[in-house]
Amino acid sequence: MNRRTFLKKLITSSLALFGLGGGTYYYAREIEPGMLTIKEADITSHRIPISFDNFKIVQFSDTHIGFHYTLDQFEELVNTINKHNPDCVVFTGDLVDRPDQFKWDNRIIKSLSNINAPYGKYWIYGNHDHGGYGTDIIKEVMDKSDFVMLKNANTKIDNGLDRFVIAGLDDVMLGAPNLDHALEGSNPELFTLLLCHEPDYAEVVQQFPVDVQLSGHSHGGQVQIPFFGYIYTPTLAESYVEGKYSVGLHPLQLYVSRGIGTTRLPYRFLCKPELNIYRLAHDD
Ligand SMILES: [Fe+2]
Numbered sequence: 050m051n052r053r054t055f056l057k058k059l060i061t062s063s064l065a066l067f068g069l070g071g072g073t074y075y076y077a078r079e080i081e082p083g084m085l086t087i088k089e090a091d092i093t094s095h096r097i098p099i100s101f102d103n104f105k106i107v108q109f110s111d112t113h114i115g116f117h118y119t120l121d122q123f124e125e126l127v128n129t130i131n132k133h134n135p136d137c138v139v140f141t142g143d144l145v146d147r148p149d150q151f152k153w154d155n156r157i158i159k160s161l162s163n164i165n166a167p168y169g170k171y172w173i174y175g176n177h178d179h180g181g182y183g184t185d186i187i188k189e190v191m192d193k194s195d196f197v198m199l200k201n202a203n204t205k206i207d208n209g210l211d212r213f214v215i216a217g218l219d220d221v222m223l224g225a226p227n228l229d230h231a232l233e234g235s236n237p238e239l240f241t242l243l244l245c246h247e248p249d250y251a252e253v254v255q256q257f258p259v260d261v262q263l264s265g266h267s268h269g270g271q272v273q274i275p276f277f278g279y280i281y282t283p284t285l286a287e288s289y290v291e292g293k294y295s296v297g298l299h300p301l302q303l304y305v306s307r308g309i310g311t312t313r314l315p316y317r318f319l320c321k322p323e324l325n326i327y328r329l330a331h332d333d
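Residue numbers for the sequence shown follow the working numbering, so the first one is 50 and each next one is one higher.
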């Protein structure tokens, strides 16, 4: 999407929101962005070993801390994540909105460190993490918080009986994604889950031996209009905006999170923020 089209859509969505009245605007700016929902889904596949039935993966995405999303809110999010007793936690990019303007201190590391997941915590870069000179500082923060970076890399989750693969891609827009490297050394016989910030990259991913892709980036459009749906989504979140999709003949199962925070416009309307919980299930 070029700049002119983007601005047109931005203005259209702003006018649509103002057109609904001042009360609606207040709701969209002050109320709905704080209405976190828990979105649960079962991921089923004949390739998931039975011993991983009920294995719980919690995904949080697009927190954009610093842009109308505070560290206090993030601490609450961490408590919510822990209350759900995840086996494994994944973060799919865009931790803070503007890394170069954010006032970094140890508080964010403390919060991220408090997330408990016996099978590990994994993360990938989003475009905002690379933008604003954030590449190194985000990595340092995540390293110190015991999150394992999956930048064109993979690891295996092993429960003592069976294994599956979690792989991650570098950000598609501002990084250097490489699926061959991301899957290098992984066993294509194993159930494989890929973290990729931008959902529309599923069109490429579906050509590779990946069973499930978890993405964010879209924010679900942030503003949705009754009977019409979302008005604007960012580049590479235009085909796949929220929820579950089957992509290609393989098929690749794609899940797109609306994410937690907001960016560009500080409001959400009919598009509440969400924390995603996935349960694995073997399927014959
Ligand atoms: Fe993004």
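For glycine and all other residues, C-beta sits at the position ideal for the given N, C-alpha and C.
One thing to note: Y171 has its Cβ within 8 angstroms of the Cβ of L244.
Taking a cut-off of 5 angstroms from the heavy atoms of ligand 1, the residues with a C-beta inside it are D143, G175, N176, H266. In this structure, DSSP gives Y250 a helical state, which the three-state scheme calls helix. Note on the region 228 to 281: whole beta strand (DSSP E) runs with a minimum of 3 residues are 241 to 244, 261 to 264, in chain order.
Between D260 and F240 a beta carbon distance of about 5 angstroms is seen, short of the 8 angstroms cut, so the two are scored as contacting. In the three-state reduction of the DSSP assignment, Y174 falls in the coil class.
In this structure the region 259 to 279 lies against the region 132 to 143, because at least three pairs of beta carbons, one per stretch, are closer than 8 angstroms. Excluding the 5 residues flanking it on each side, V197 has same chain C-beta neighbours closer than 8 angstroms at G169, K170, Y171, W172, T204, in chain order. Excluding the 5 residues flanking it on each side, H331 has same chain C-beta neighbours closer than 6 angstroms at I97, I99, D102, in chain order. Non-local C-beta neighbours of F213 in its own chain, meaning closer than 6 angstroms and more than five positions away in sequence, comprise I206, L239, F240, ordered along the chain.
Counting along the chain, the unbroken alpha helix (DSSP H) around D121 starts and ends at 120 to 132.
Of the residues S194, F318, T312, G83, the one whose Cα lies closest to the Cα of T73 is F318. The alpha-carbon separation between A225 and Q255 amounts to approximately 18 angstroms. A Cβ-Cβ separation of about 6 angstroms places G180 in contact with L223 under the 8 angstroms criterion. For secondary structure counted as the alpha helix (DSSP H) over 4 or more consecutive residues, the region 134 to 220 holds these complete runs in sequence order: 156 to 162, 176 to 179, 184 to 193.
Annotated as proximal: N131 and I164, with beta-carbon spacing under 8 angstroms. Under DSSP, V305 forms a beta bridge with S264, G292.
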